[in-house]
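Novice: Residue numbers (the working numbering): 1 to 749.
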Amino acid sequence: MLEDRDGWLETVWLETQLTPVVDEEGTCTGLCGITRDISLHKQDLAACDEQKERLRFYFDQPLIGMALLAPGGFWLDANDRLCQTLGYDRAGLMDTEWKQLVHQDDAAADAAEFERLLLGEVESFQADERFRRADGEVIYGHVLVRIVRKPDGSPNYFLVILEDATERKVAEERLALADNVFEHAAEAIVITDRNNRIMRVNPAFTRLTGYTAEQALGRDPSMLSSGRHDTAFYARMWAILLSSGEWSGEVWDRRRDGSVYPKWMTIKVVFEPGGKEVAYFIAVFSDISERLEAQDIIRHLAYYDALTDLPNRSLFVERLNQAVELAEQQDEGLAVMLFNIDRFKSINDTMGHRIGDDLLKHVGARLRDMQSPGNTVARMGGDEFAILLTDIKKKPPASLMSQLHAQLQQPFHVGGYTFHLVFSAGISLYPADGGNAERLLKTPTAPCTTPNRRAAANSAFSRSRCSAWPWRRCTWSTNCGSPCSGANWNCIISQVDLRSGEMTGVESLLRWRHPEKGMIPPAKFIPVAEDSGLIIPISEWVLEAACRQAKQWQEQGLPPFTVGVNLSARQFERSDLLGLVESVLASTGLAPERLDLEITEGALMGDVESARYTLTALRAMGVKVSVDDFGTGYSSLAYLKAFPLSKLKIDQSFVRNLENDASNAAIAKAVISLSHSLGLTVVAEGVETLQQKEYLSACGCNIAQGYFYSRPLEAHAIGEFLADTSRLALEPPERPASVRVPLLRTRLM
């Protein structure tokens, strides 16, 4: 302690160096001292110690990880926070090099930065890097590294500060993802403040509305309003939004170019952290024009017929139910009419479904002209249509029937064909005929689905016969050639005696050579001809053509044989059949015994007394009559014995495969035996194999026809066929032992 001139005491640090003073003899005679004031030096040392203590204090704080790293990469020191961040205890960390902690994907960049520090290019660097903890978990860390050099400038150590940045990095990635989604979302996104002023919009908003971000920011979203919604709509929307925090619904808005479009919008409320004050609103919306159009298309497909574009059954029933409810409330009536196209299936089968579909389209087009606010015209399915008439006071059902008649009586021209259609219809009235839709639809259906040919000119309401207007099938004489034209119709013939091998007769087989579709078998066109009435002129032509051809064969000197002609049931029922046969025989000059008329069992059983009279008269003329396709109908020999018949033809279904089918063999044998007992000649149809021929001959069958002898022949080929039949004669056959006939209970008598 020293006192200065002013009397103040002050602590002073002195450094004294003493040197001994010796004489010539080496004896210390005194001391020589030099004293130096080192107070400033001591203050510097104290400050340094204080700085070290302060550094240690911060170094050991648990807020951030810190370490001292030697230039060689090993640790000099590290605080607890760094150890915790990296998951090591102090000893474990000290045994691990820095480069072992850095993630392999960041190691190269980290090493490059340290190299720059050592080279003096930079004094520090900082980066976000990934580190691998002791347990293997990868974390993000924000690292700051500063180099500390020695007085000579050489590296002393690195000061490393490492902060766990995993949460921040994840938050940044989420924020970046959210921003990316916001910018690239297909839906328009609008963020408004608590005062409903636009704060931000995404690019989809611009694409959808036509407004750029600059044009939209700060404005109220009401700038998009189309005017289609009233104030009550928006009041309800805001009430729901503020009470529940969310609203979704369909809104019609207007684009910048003035076009109006529908959108589906969802609005969310984002509250302040306290949860009471609104922070902002987020609205997300998209254009649903295409979706609504698709829904309209789907609804149209669900409720309208794809072929005619008329309402279908579902929509008709829905409207009918509504109409019944309204009629009940207002105490009024209504009418339902169902009608269908008679024999439409025949058109499909003969002309093809394309023509049938086009015809339905034409019918639908005419029916659409009958649509009015007071009625609904629908296609119920197939060829069935329906009309709902709600205002029957202004337009009575009879008026509707007349209008329908006027629309549909005109011919339909489809695909080069002309169709004169007949429609069967029935009407039911509410409430007289039913109090609900099901009953009203059921009431007129029964008479319409079973049209009565003889009631074709009648029309009445539900409990009476359905009306049916004059019907003519498509005009084949115009579109397909005359049915009596040899260019389109072809007569084909064949028949052989099983004993002698001689041809005893031919059967006239009808084939239609269509100008476009080629040869069409009888199974396809005969039912259509039967239904349409064309079977009458066709049959008359076949009868005349067959008789004329038979006369020509006779004049050519061919051996005598009969010509078989099939009679349709409708032709057999005609009262002028006897006159027709007599006239044809007279005009062609063919002897009656050369003609064999073939009739099915069904034709005989329709009116037994009339059939017996006709057959007796034909027999009196000398004409033979055969029962064709026996076994496919009544199969009753007891009935057949009442008719004056000449032959019985076993249907080919019993002849086919009889050598392998004991049942067919037994039936064929029994029919042959019983037919002979009735004095009938038996003809087997469809003989195709030698085994069938031999078995039938052994059973006593008289005549056979089928592919075993020849394919169907043209008329001019009969001469060649007759020349070859002599080789077909059989020696008196032995009874076949290979076929055993079981006892069958067959309805033969």
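Cβ atoms here follow ideal geometry from the backbone N, Cα and C, with glycine treated the same way.
Source: prediction; values computed, not measured.
Could you have a look at residue 13 and say whether DSSP puts it in helix, strand or coil?
Specialist: As a first step, residue 13 must be located in the sequence shown, where it is residue number 13. Here residue 13 sits in coil by DSSP.
Novice: Please classify residue 32: does DSSP put it in a helix, a strand, or coil?
Specialist: Along the sequence shown, read from residue 1 onward, the residue named residue 32 stands at position 32. Strand.
Novice: Return the CA-CA distance between residue 439 and residue 433, expressed in angstroms with no decimal places.
Specialist: The count along the sequence shown starts at 1 and reaches residue 439 at position 439. The count along the sequence shown starts at 1 and reaches residue 433 at position 433. For residue 439 and residue 433, the distance between alpha carbons rounds to 8 Å.
Novice: Our contact map puts residue 366 next to residue 408 with C-beta atoms below 8 Å; I'd like the distance itself, whole angstroms only.
Specialist: Position 366 of the sequence shown, counting from 1, holds the residue named residue 366. Position 408 of the sequence shown, counting from 1, holds the residue named residue 408. Yes, residue 366 and residue 408 are in contact; Cβ-Cβ is about 6 Å, under 8 Å.
Novice: Beta-carbon separation of residue 202 and residue 188 under 8 Å?
Specialist: Locating residue 202 in the sequence shown gives position 202, counting from the first residue. Locating residue 188 in the sequence shown gives position 188, counting from the first residue. It is a contact, given that the beta carbons lie within the stated cut-off.
Novice: Quick check on residue 566: buried or exposed, where buried means 16 or more other Cβ atoms within 10 Å of its Cβ?
Specialist: Counted from its first residue, the sequence shown places residue 566 at position 566. Answer is buried; the Cβ neighbour count reaches 16.
Novice: Quick check: what's the CA-CA separation for residue 110 versus residue 265?
Specialist: Start at 1 with the first residue of the sequence shown, and residue 110 comes out as number 110. Start at 1 with the first residue of the sequence shown, and residue 265 comes out as number 265. Each residue's Cα considered, the two are about 49 Å apart.
Novice: With distances taken between CB atoms, is the gap from residue 494 to residue 710 smaller than 8 Å?
Specialist: Locating residue 494 in the sequence shown gives position 494, where the first residue counts as 1. Locating residue 710 in the sequence shown gives position 710, where the first residue counts as 1. Closer than 8 Å, so yes.
Novice: Would you call the region 341-350 and the region 305-313 in contact, with 3 or more CB pairs under 8 Å?
Specialist: As far as the Cβ criterion goes, the region 341-350 does not touch the region 305-313, which means the pair count is below three.
Novice: Would residue 498 pass as a contact of residue 669 if the rule is Cβ separation under 8 Å?
Specialist: Locating residue 498 in the sequence shown gives position 498, counting from the first residue. Locating residue 669 in the sequence shown gives position 669, counting from the first residue. No. Outside cutoff.
Novice: In angstroms, rounded to a whole number, what distance separates the CA positions of residue 16 and residue 107?
Specialist: Working through the sequence shown from its first residue, we reach residue 16 at position 16. Working through the sequence shown from its first residue, we reach residue 107 at position 107. Approximately 57 Å, taken between the alpha carbons.
Novice: Return the CA-CA distance between residue 211 and residue 197, expressed in angstroms with no decimal places.
Specialist: Walking along the sequence shown from the start, residue 211 turns up at place 211. Walking along the sequence shown from the start, residue 197 turns up at place 197. About 15 Å.
Novice: Could you say which of 268, 374, 227 lies nearest to residue 262 if we only look at CA atoms?
Specialist: Taking the first residue of the sequence shown as 1, we reach residue 262 at position 262. Comparing Cα positions, the closest option is 227.
Novice: Does the pairing of the region 684-693 with the region 653-665 give three or more beta-carbon distances under 8 Å?
Specialist: Short answer: they touch.
Novice: How far does the beta strand (DSSP E) with residue 126 in it reach, from first residue to last?
Specialist: On the sequence shown, position 126 is the one that residue 126 refers to. Residue 126 -> beta strand (DSSP E) spans 124-132.
Novice: In three-state DSSP terms, what is residue 505?
Specialist: By one-based count along the sequence shown, residue 505 stands at place 505. Of the three classes helix, strand and coil, the one that applies to residue 505 here is strand, per DSSP.
Novice: When we look at the beta-carbon of residue 508 and count the other beta-carbons within 10 Å, is it buried (16 or more) or exposed?
Specialist: For the purposes of this step, residue 508 is identified with residue 508 of the sequence shown, where counting begins at 1. By the 10 Å Cβ count, residue 508 comes out buried.
Novice: Which runs of the beta strand (DSSP E) fall wholly inside the region 126-197 and span at least 3 residues, in chain order?
Specialist: Within the region 126-197, the complete beta strand (DSSP E) runs of at least 3 residues are 138-149, 155-164, 188-193.
Novice: What do you get for residue 757, buried or exposed, if any count of 16 or more other CB atoms within 10 angstroms of its CB means buried?
Specialist: Absent from the structure is residue 757, since the part of the chain shown begins at 1 and ends at 749.
Novice: If you compare alpha carbons, which of 696, 723, 687, 700 is closest to residue 706?
Specialist: On the sequence shown, residue 706 is found 706 positions in, with the first residue counted as 1. Nearest C-alpha to residue 706: 687.
Novice: Is it the case that the Cβ atoms of residue 102 and residue 129 are separated by a distance below 8 Å?
Specialist: The residue given as residue 102 occupies position 102 in the sequence shown. The residue given as residue 129 occupies position 129 in the sequence shown. Cβ distance < 8 Å, so residue 102 and residue 129 count as in contact.
Novice: According to DSSP, which residues form a beta bridge with residue 819?
Specialist: With the chain covering 1 to 749 only, the question about residue 819 has no answer from this structure.
Novice: According to DSSP, is residue 237 helix, strand or coil?
Specialist: Position 237 of the sequence shown, counting from 1, holds the residue named residue 237. Looking at residue 237 - three-state DSSP - the assignment turns out to be helix.
Novice: Where does residue 789 sit, in a helix, a strand or coil, going by DSSP?
Specialist: As shown, the chain starts at 1 and ends at 749. That puts residue 789 outside it, with no answer to give.
Novice: Quick one: Cα of residue 556 to Cα of residue 718, how far?
Specialist: The residue labelled residue 556 in the question sits at position 556 within the sequence shown. The residue labelled residue 718 in the question sits at position 718 within the sequence shown. Their backbone Cα atoms lie some 11 Å apart in a straight line.
Novice: Thinking C-beta only, is residue 641 closer than 8 Å to residue 685?
Specialist: Start at 1 with the first residue of the sequence shown, and residue 685 comes out as number 685. Start at 1 with the first residue of the sequence shown, and residue 641 comes out as number 641. No.
Novice: DSSP on residue 19, reduced to helix/strand/coil?
Specialist: As a first step, residue 19 must be located in the sequence shown, where it is residue number 19. Looking at residue 19 - three-state DSSP - the assignment turns out to be strand.
Novice: So within the region 278-321, which uninterrupted alpha helix (DSSP H) runs reach at least 4 residues, ignoring any that extend past its ends?
Specialist: Those alpha helix (DSSP H) runs which fall completely within the region 278-321 and span 4+ residues are 289-303.
Novice: Should residue 651 and residue 631 be called a contact, given that it needs their Cβ atoms to be closer than 8 Å?
Specialist: Along the sequence shown, one-based indexing puts residue 651 at 651. Along the sequence shown, one-based indexing puts residue 631 at 631. In this structure, residue 631 lies closer than 8 Å to residue 651 by Cβ.
Novice: Tell me which residue opens and which closes the alpha helix (DSSP H) that residue 230 is part of.
Specialist: Against the sequence shown, residue 230 aligns to sequence position 230. Premise fails: residue 230 is in no alpha helix (DSSP H) and is neither H nor E.
Novice: Quick one: is residue 601 buried, meaning 16 or more other Cβ sit within 10 Å of its Cβ, or exposed?
Specialist: Locating residue 601 in the sequence shown gives position 601, where the first residue counts as 1. Buried, since its Cβ has 16 or more Cβ neighbours within 10 Å.
Novice: Please list, in chain order, all residues of the same chain as residue 359 whose beta carbon is under 7 Å from its beta carbon, the five residues on each side excluded.
Specialist: The sequence position of residue 359 within the sequence shown is 359, counting from 1. Cβ within range, chain order: 347, 412, 414, 419.
Novice: Can you grab the Cα-Cα spacing for the pair residue 340 / residue 316, in whole Å?
Specialist: Taking the first residue of the sequence shown as position 1, residue 340 is located at position 340. Taking the first residue of the sequence shown as position 1, residue 316 is located at position 316. Rounded to the nearest angstrom, the two C-alpha atoms are 16 Å apart.
Novice: Cα-Cα, which of 39, 18, 40 is closest to residue 32?
Specialist: In the sequence shown, counting from the first residue as 1, residue 32 sits at position 32. Out of 39, 18, 40, 18 has the C-alpha closest to the C-alpha of residue 32.
Novice: Measuring only the C-alpha atoms, how far is residue 682 from residue 647?
Specialist: The residue you call residue 682 lines up with position 682 of the sequence shown. The residue you call residue 647 lines up with position 647 of the sequence shown. Approximately 6 Å between the Cα atoms of the pair.
Novice: Decide yes or no for the touch test of the region 368-377 against the region 385-392: beta carbon pairs closer than 8 Å, at least 3 of them.
Specialist: Yes: the two stretches touch, three or more of their Cβ pairs being nearer than 8 Å.
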